[in-house]
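Novice: My questions all concern the structure below.
2 protein chains.
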Amino acid sequence: MHGYDKYAFEPFAVTVDLAVFTLRAGALHVLLVERAQEPYAGRWALPGGFLLPTESAETAARRELAEETGLTDVSGLHLEQLRTYSEPDRDPRMRVVSVAFAALLPDPPEPRAGTDAAEARWTPYDTAGPLAFDHDRILADARTRIGAKLEYTCLATAFCPPEFTLGELQQVYETVWGTVLDRPNFRRKVLATPGFVEAVPGAARLTGGRGKPAALYRAGTATALHPPLLRPTPEGRPA
Amino acid sequence: MHGYDKYAFEPFAVTVDLAVFTLRAGALHVLLVERAQEPYAGRWALPGGFLLPTESAETAARRELAEETGLTDVSGLHLEQLRTYSEPDRDPRMRVVSVAFAALLPDPPEPRAGTDAAEARWTPYDTAGPLAFDHDRILADARTRIGAKLEYTCLATAFCPPEFTLGELQQVYETVWGTVLDRPNFRRKVLATPGFVEAVPGAARLTGGRGKPAALYRAGTATALHPPLLRPTPEGRPA
DNA sequence: TCAAAAGTGTTACGATTACACCCATGA
DNA sequence: TCATGGGTGTAATCGTAACACTTTTGA
Numbered sequence: 001m002h003g004y005d006k007y008a009f010e011p012f013a014v015t016v017d018l019a020v021f022t023l024r025a026g027a028l029h030v031l032l033v034e035r036a037q038e039p040y041a042g043r044w045a046l047p048g049g050f051l052l053p054t055e056s057a058e059t060a061a062r063r064e065l066a067e068e069t070g071l072t073d074v075s076g077l078h079l080e081q082l083r084t085y086s087e088p089d090r091d092p093r094m095r096v097v098s099v100a101f102a103a104l105l106p107d108p109p110e111p112r113a114g115t116d117a118a119e120a121r122w123t124p125y126d127t128a129g130p131l132a133f134d135h136d137r138i139l140a141d142a143r144t145r146i147g148a149k150l151e152y153t154c155l156a157t158a159f160c161p162p163e164f165t166l167g168e169l170q171q172v173y174e175t176v177w178g179t180v181l182d183r184p185n186f187r188r189k190v191l192a193t194p195g196f197v198e199a200v201p202g203a204a205r206l207t208g209g210r211g212k213p214a215a216l217y218r219a220g221t222a223t224a225l226h227p228p229l230l231r232p233t234p235e236g237r238p239a
Numbered sequence: 001m002h003g004y005d006k007y008a009f010e011p012f013a014v015t016v017d018l019a020v021f022t023l024r025a026g027a028l029h030v031l032l033v034e035r036a037q038e039p040y041a042g043r044w045a046l047p048g049g050f051l052l053p054t055e056s057a058e059t060a061a062r063r064e065l066a067e068e069t070g071l072t073d074v075s076g077l078h079l080e081q082l083r084t085y086s087e088p089d090r091d092p093r094m095r096v097v098s099v100a101f102a103a104l105l106p107d108p109p110e111p112r113a114g115t116d117a118a119e120a121r122w123t124p125y126d127t128a129g130p131l132a133f134d135h136d137r138i139l140a141d142a143r144t145r146i147g148a149k150l151e152y153t154c155l156a157t158a159f160c161p162p163e164f165t166l167g168e169l170q171q172v173y174e175t176v177w178g179t180v181l182d183r184p185n186f187r188r189k190v191l192a193t194p195g196f197v198e199a200v201p202g203a204a205r206l207t208g209g210r211g212k213p214a215a216l217y218r219a220g221t222a223t224a225l226h227p228p229l230l231r232p233t234p235e236g237r238p239a
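Sequence lines, in order, name chains A and B. Note that the UniProt record's numbering has the first sequence beginning at 1, numbered continuously upward. Note that the UniProt record's numbering has the second sequence beginning at 1, numbered continuously upward.
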């Protein structure tokens, strides 16, 4: 950090790109926008935009999240910085450095097309590509990160509504990981972790229409899982 | 990512900041440079600099790493992106968005002062602050990340020379974590993880001057640890 | 012969796994 | 009464923690 001459540095555009995930119909979905202009006109891309003069990347990301989803209150949503993509040729016209974020939504509201985006749509993760720019890679990185963080954090509750059943929480893991978990063991594991979930006294809800009503839980105050909840089959990880 | 008018975006300076760690005399050290110019003239700061027009942040970080350490070959060194710091007021003069990296060095070479830095010096982590800009926070974030990654990756070998003993590898963990580990259990754990280390046949080395010569090992090909090597006392983590 | 560091063995405990089994509800 | 999903119990197994003990070197 030296040589601070205002004219010595290259000017860059700085943007944020968002990988906004939710669970719909038992499948991981991601929010995509259709590009209206060149380049990549008509192609799908991750929502995002430029930093305003007084915004940090985090502030800009939360603003974009509100704009693209149409939600009035995004303050409680999980939003985390992923990493920054800065390859010189990632935008064909100019230097654009993009700070990527991942966001998690509990309930899938219909997206509102932004004023400058042709359309916004929830898309199943598996059918999302190919996207504009390097967004395929950003999206893949985001999914990898989310899957990994389920193992050692309480992140899964960010996919759930304020009150949820343990079955729904388990479905979050099973959907994101693409595996099946043993219900009794999952239940014990979650309840044995202090602060992961807390019971809603006396509350119960029918889930599948049939079956025994399930007890309801709220997200607890803990953020980390000790010991972690490991995936049955380590797949994305060299060992 | 829309509204691509070259004059519509705010111009930003983009820099990289490096938290370069090594182990010296049983203590974690970090490479710092003394600022020659205002602001923060005379204060210590993390090494770093601007991205060149055709550089990615990763390329710029590796270039800066070579420049600041004076090493001719930094290709094998561990270098990873941490996160990006973009608070509007983090530099008093202008918008500077900085992509932070953490780097790990096995052997502590004497740093070479860069052409534009007054001085570069290895400093014990515990006596490193207060630094210029938001570098205290970047440094703390870097240390937290490195400590956490020792648990579930093979990162510790990045602190070691090409051939090392298990005692030296254990000291990496003990120094970074600030804990004491049980030697027999550590040994078993490391050797039971395929690809963590591989034995150098027939080689042995005296370590402390006294004592039995220790077998030598090289870093293996694995990058992740399964199951992880957890800290004895979870301190930095809410549970 | 002693201190220091490497290396081996063993036991107790805790967590995870893989099940079997019971409960409550709607069709 | 049956299918469905929620919930409890239990024994085998794996991994870790804690500790005693042996080996090999330099002083």
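Backbone N, C-alpha and C fix where the C-beta goes; we use that ideal spot for every residue, glycine too. The structure presented is a predicted model; accordingly, all values stated were derived computationally and were not measured.
Taking the runs of the alpha helix (DSSP H) that are 4 residues or longer, which of them lie wholly in the region 37-94 of chain B?
Specialist: Listed in chain order, the complete alpha helix (DSSP H) runs (minimum 4 residues) inside the region 37-94 of chain B are 57-69.
Novice: Does the region 22-32 of chain A come into contact with the region 70-89 of chain A, if we say contact requires no fewer than three beta-carbon pairs (one atom in each stretch) closer than 8 Å?
Specialist: The region 22-32 of chain A, when compared against the region 70-89 of chain A, does not touch it at the 8 Å Cβ threshold.
Novice: My output table needs one value for residue 201 of chain A: the three-state DSSP class, helix, strand or coil.
Specialist: Three-state DSSP puts residue 201 of chain A in a strand.
Novice: Taking C-beta pairs closer than 7 Å, name the residues in chain B that residue 92 of chain A reaches, listed in chain order.
Specialist: Simply none; closest approach about 10 Å.
Novice: Consider the Cβ of residue 97 of chain A: report whether some Cβ of chain B lies at a distance smaller than 8 Å.
Specialist: True, the Cβ-Cβ gap to chain B drops below 8 Å.
Novice: Mind reading off the beta-carbon distance from residue 31 of chain A to residue 44 of chain A? Whole number of angstroms is fine, and I expect it under 8 Å.
Specialist: With a Cβ gap of about 10 Å, residue 31 of chain A and residue 44 of chain A do not count as contacting.
Novice: Measure the Cβ-Cβ separation of residue 229 of chain B and residue 151 of chain B and say whether it is below 8 Å.
Specialist: Result yes, Cβ atoms of residue 229 of chain B and residue 151 of chain B sit closer than 8 Å.
Novice: Give me the residue from A:38, A:52, A:46, A:212 with the minimum Cα distance to residue 240 of chain A.
Specialist: Examination of residue 240 of chain A is not possible in this model, given that chain A is present from 1 through 239 alone.
Novice: Tell me, please, which residues DSSP counts as bridged to residue 121 of chain B.
Specialist: Paired residues: B:32.
Novice: Could you tell me the alpha carbon to alpha carbon distance between residue 219 of chain A and residue 169 of chain A, rounded to whole angstroms?
Specialist: Approximately 10 Å, taken between the alpha carbons.
Novice: Are the CB atoms of residue 134 of chain A and residue 83 of chain A within a distance shorter than 8 Å?
Specialist: Result no, Cβ atoms of residue 83 of chain A and residue 134 of chain A do not sit closer than 8 Å.
Novice: Give me the residue from A:166, A:193, A:63, A:154 with the minimum Cα distance to residue 206 of chain A.
Specialist: Checking every option, the nearest Cα to that of residue 206 of chain A belongs to A:166.
Novice: With a threshold of 8 Å on Cβ separation, who are the neighbours of residue 96 of chain A within its own chain once the five nearest residues in sequence on each side are excluded?
Specialist: Same-chain partners within the cutoff: 12, 13, 14, 15, 90.
Novice: Let me know the secondary structure DSSP gives residue 180 of chain A once reduced to three states.
Specialist: Residue 180 of chain A: coil per DSSP, three-state reduction.
Novice: Would you mind giving the Cβ-Cβ distance between residue 104 of chain A and residue 159 of chain A, rounded to the nearest angstrom? I have them listed as a contact below 8 Å.
Specialist: Residue 104 of chain A to residue 159 of chain A, Cβ: 6 Å. Contact.
Novice: Could you give the residue range of the alpha helix (DSSP H) that holds residue 222 of chain B?
Specialist: Counting along the chain, residue 222 of chain B falls outside any alpha helix (DSSP H), and DSSP gives it neither H nor E.
Novice: Classify residue 153 of chain B as helix, strand or coil using the three-state DSSP reduction.
Specialist: It is a strand residue.
Novice: Could you tell me which chain A residues have their CB closer than 8 Å to the CB of residue 247 of chain B, listed as they occur along the chain?
Specialist: The requested residue 247 of chain B does not occur in the structure, where chain B is confined to residues 1 to 239.
Novice: Enumerate in chain order the residues of its own chain whose CB-to-CB distance from residue 60 of chain A is below 6 Å, with the five nearest sequence positions on each side excluded.
Specialist: Here the set comprises 16, 51.
Novice: Considering only the alpha carbon of each residue, which of B:100, B:154, B:119, B:146 lies closest to residue 36 of chain B?
Specialist: The shortest Cα separation from residue 36 of chain B among B:100, B:154, B:119, B:146 belongs to B:119.
Novice: On a Cα-Cα basis, can you pick out the residue from B:58, B:40, B:88, B:48 that is closest to residue 57 of chain A?
Specialist: It is B:88.
Novice: Would DSSP call residue 242 of chain B helix, strand or coil?
Specialist: For residue 242 of chain B there is no data in the structure shown, the boundaries of chain B being 1 and 239.
Novice: Cutting at 8 Å between CB atoms, please list the residues of its own chain near residue 155 of chain A, excluding the five before and the five after it.
Specialist: Here the set comprises 78, 104, 146, 149.
Novice: Can you tell me where the beta strand (DSSP E) holding residue 101 of chain B begins and where it ends?
Specialist: Residues 96-104.
Novice: Taking residue 142 of chain B and residue 102 of chain B to be in contact with their CB atoms under 8 Å, please state how far apart those CB atoms are, rounded to whole angstroms.
Specialist: About 4 Å; that satisfies the 8 Å criterion.
Novice: What residues in its chain sit with their C-beta under 7 Å from that of residue 221 of chain B, if we drop five residues either side in the sequence?
Specialist: Around residue 221 of chain B: 195.
Novice: Taking Cβ positions only, does residue 253 of chain B come closer than 8 Å to chain A?
Specialist: For chain B, the structure presents residues 1 to 239; residue 253 of chain B sits outside this window and is missing.
Novice: Going by DSSP, which residues form a beta bridge with residue 134 of chain B?
Specialist: Paired residue(s): none; residue 134 of chain B is not in a bridge.
Novice: I want to verify the contact list: residues of chain A whose CB lies under 7 Å from the CB of residue 57 of chain B, in sequence order.
Specialist: By Cβ distance, chain A contributes 84, 86.
Novice: Taking all protein chains shown into account, decide if residue 128 of chain B is buried (16 or more other Cβ within 10 angstroms of its Cβ) or exposed.
Specialist: Its Cβ being crowded by 16 or more others within 10 Å, residue 128 of chain B is buried.
Novice: Quick test of your reading: residue 225 of chain B and residue 153 of chain B, contact by CB under 8 Å. State the CB separation rounded to the nearest angstrom.
Specialist: 6 Å between Cβ atoms; contact.
Novice: What's the C-alpha gap between residue 182 of chain B and residue 216 of chain B?
Specialist: About 19 Å.
Novice: Relative to the C-alpha of residue 74 of chain B, which residue among B:99, B:107, B:86, B:185 is closest?
Specialist: Nearest C-alpha to residue 74 of chain B: B:107.
Novice: Output yes if chain A places a C-beta closer than 8 Å to the C-beta of residue 54 of chain B; else output no.
Specialist: Residue 54 of chain B counts as touching chain A.
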